[in-house]
Amino acid sequence: MPAGTLYRGREGMWSWVAHRVTGVLIFFFLFVHVLDTALVRVSPEDYDKVVATYKTPIVALLEYGLVAAILFHALNGLRVIAVDFWSKGPRYQKQMFWTVMGVWIVLMLGAIYPVLGHAARVLFGS
Numbered sequence: 048m049p050a051g052t053l054y055r056g057r058e059g060m061w062s063w064v065a066h067r068v069t070g071v072l073i074f075f076f077l078f079v080h081v082l083d084t085a086l087v088r089v090s091p092e093d094y095d096k097v098v099a100t101y102k103t104p105i106v107a108l109l110e111y112g113l114v115a116a117i118l119f120h121a122l123n124g125l126r127v128i129a130v131d132f133w134s135k136g137p138r139y140q141k142q143m144f145w146t147v148m149g150v151w152i153v154l155m156l157g158a159i160y161p162v163l164g165h166a167a168r169v170l171f172g173s
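Here is the structure:
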């Protein structure tokens, strides 16, 4: 690391970076979602075309990424609250980070079939 940097590359820094990145990704999704939903009032035919493009396997992967971002952001937000408002929070930051990661992985494994099942059937047959 360069001299004078505050970043140490530890769990707290990486969870901070991931929290910001997932927040921006979620904001971007919400922005696009509002725009494409508003399209239904302007041109229902164009709205139907846009929604039809969402039914592809590539978009299913993007949806899985969205689920990943939302789950991580929510779980890490709970960790941030614990660090900020629990007197022993900073002392257990590393353990809480790895707990968040473990819960996130378990939930993401559970989300594979519900989110990607249709895409797998389209790609590989029923």
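Read in order, the letters of the sequence shown correspond to residues 48 to 173 in my numbering.
Every residue, glycine too, gets a C-beta built ideally from N, C-alpha and C.
Secondary structure note for SER62: its alpha helix (DSSP H) is the uninterrupted segment 58-89. In this structure, the CA atom of GLY70 is about 12 Å from the CA atom of PHE78. Residue burial annotation: MET143 is buried, with at least 16 other C-beta atoms found within 10 angstroms of its C-beta. In this structure the stretch 114-127 lies against the stretch 55-67, because at least three pairs of beta carbons, one per stretch, are closer than 8 Å. Taking the C-beta atoms as reference points, LEU154 is found nearer than 9 Å to LEU118.
For TRP151, the enclosing alpha helix (DSSP H) begins and ends at 140-171.
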